[in-house]
Amino acid sequence: MYKSLRKLLFLRSAEATHESALKLFQRLQSSSGGRVFLHGMAGPPVIQHTSAMGLEFINPLGIAAGFDKDARVTLALQELGFSFVEIGTVTPQPQPGNPRPRIWRFPESQALLNALGFPGEGMVRVGERLLRLRKDGDVRIPVGINLGKNATTPVEEALNDYWKVFEHLYELGDYFVVNVSSPNTPGLRDLQAVANLRPLLSKLMDLNVSRKSKPLLVKIAPDLADEDVVAAGKLARELHLAGVVAGNTTIHYDLVPRAMNIGRGGISGAPQFPRTKELLKLMRSELGANQSLIAAGGVNSGERVRECLSLGANLVQVYTAFIYLGPRCARELLAE
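Numbering (numbering that gives the first Met the number 0), first residue to last: 0 to 335.
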């Protein structure tokens, strides 16, 4: 059914379709009847209890940052069978992101190209929504928060932005991810170099340890050289981070030939998966046994979920697969 509907949805621009989906999900999740409808669309939940980062998950599959940037549809995603949702990327101040068009679909490759640049309503609005969700008690799954910086903030002042968002939303997130790997904010990926990453993560860990010590992870890019992936893993272990998210979108446009004509943004989806497997192998060899590894990039089948778990991932995130597979995505991948 969704395959037929998808043809109509894909007649509109990717961003317009995404916004319409968010508005529909918001309406449905606002009532108990709507949530029952979402639950029915997804089918019976697949239970595969998983523990990671000191948290409990009903299964290992969640939604990556980028889909629910502003905590607008968290309950809907929960009802569709995902075991966790990562909000964001959240920045201190609201910002419009990069000029449109900034999302392109490539169905022949099961891929997307996005040059969004962290558009969002900012940490205050996100905090208001999450506080309301917590007070209502409807959230039954862990909620992660992906931390970022505003585009206008100089890279040398990035720590202040990450600190502000972390501190403001600290009580509302179950885990936090430091995003230094998006290709769509100028200079952001420079923070992945260990010389720049160490002071950033050290300061955030200082704040973390002084409070409740929530799980704090770092998200790395698939475009890092192997030796830099290893260095990031060693740093995560040295600083006692809860783990690593591996990885993010890629700027290897040759993976999707039509994307080469656009030449900006980052590719997500099926063509990424070989590099995702390499990242998992490298990172698992560096992380401690108690540190968690979240796979993100190109997972679009049950077989690929199994591969990630067999390579040492504790959890798996999807985004592009959800766009192509639709509301039954979680159930289909987990039931395979």
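Each residue gets a CB set at the ideal place from its N, CA and C atoms; glycine is no exception.
Give me whichever residues DSSP pairs with K218 in a beta bridge. N178, V244
Touching by the beta-carbon criterion (3+ pairs, under 8 Å), the stretch 189 to 196 and the stretch 99 to 119: no
Would you kindly work out how many angstroms separate the C-alpha atoms of G287 and G32, rounded to a whole number? 44 Å
Of the residues V244, F56, G186, which one's Cα is nearest the Cα of P371? Residue 371 lies beyond the residue range present for the chain, which begins at 0 and ends at 335; the question has no answer from this structure.
On the criterion of 16 or more Cβ atoms from any shown chain inside 10 Å, does G186 qualify as buried, or is it exposed? exposed
Any 3 or more C-beta pairs closer than 8 Å across the stretch 72 to 80 and the stretch 34 to 48: yes
Bridge partners for F56 per DSSP, in chain order? T49
Among the candidates G116, R139, E156, N207, whose CA atom is the shortest distance from the CA of Y169? N207
Which of helix, strand or coil DSSP assigns to V298: coil
For G147, which residues of its own chain have a beta-carbon under 6 Å away from its beta-carbon, when the five flanking residues on both sides are left out? T88, T90, F117, N178
Does DSSP classify A194 as helix, strand or coil? helix
Which stretch, first to last residue, makes up the alpha helix (DSSP H) that contains G80? Element bounds for G80: n/a, residue is neither H nor E.
Are the stretch 252 to 272 and the stretch 232 to 239 touching, with three or more C-beta to C-beta distances below 8 Å? no
With C-beta atoms as the reference, is V255 less than 8 Å away from L216? no
Kindly confirm or deny that the stretch 57 to 76 and the stretch 313 to 321 touch, where touching means at least three C-beta pairs closer than 8 Å. yes
Going by DSSP, what residue range makes up the beta strand (DSSP E) through A110? 110 to 113
For A230 and F83, what's the separation of their Cα atoms in angstroms? 28 Å
Assuming A157 contacts L112 (C-beta within less than 8 Å), just tell me the rounded distance between them. A157 to L112, Cβ: 25 Å. No contact.
Kindly indicate the opening and closing residues of the alpha helix (DSSP H) around F165. 157 to 167
Between the Cα of T152 and those of Q92, R99, G143, spot the shortest distance and give me the residue it belongs to. Q92
Terminal residues of the beta strand (DSSP E) in which R104 lies: 102 to 105
Taking only runs of the beta strand (DSSP E) that begin and end inside the stretch 265 to 294, which ones reach a length of at least 3 residues, in chain order? 265 to 268
As assigned by DSSP and simplified to three states, the class of G262: coil
Quick check: what's the CA-CA separation for A110 versus I266? 7 Å
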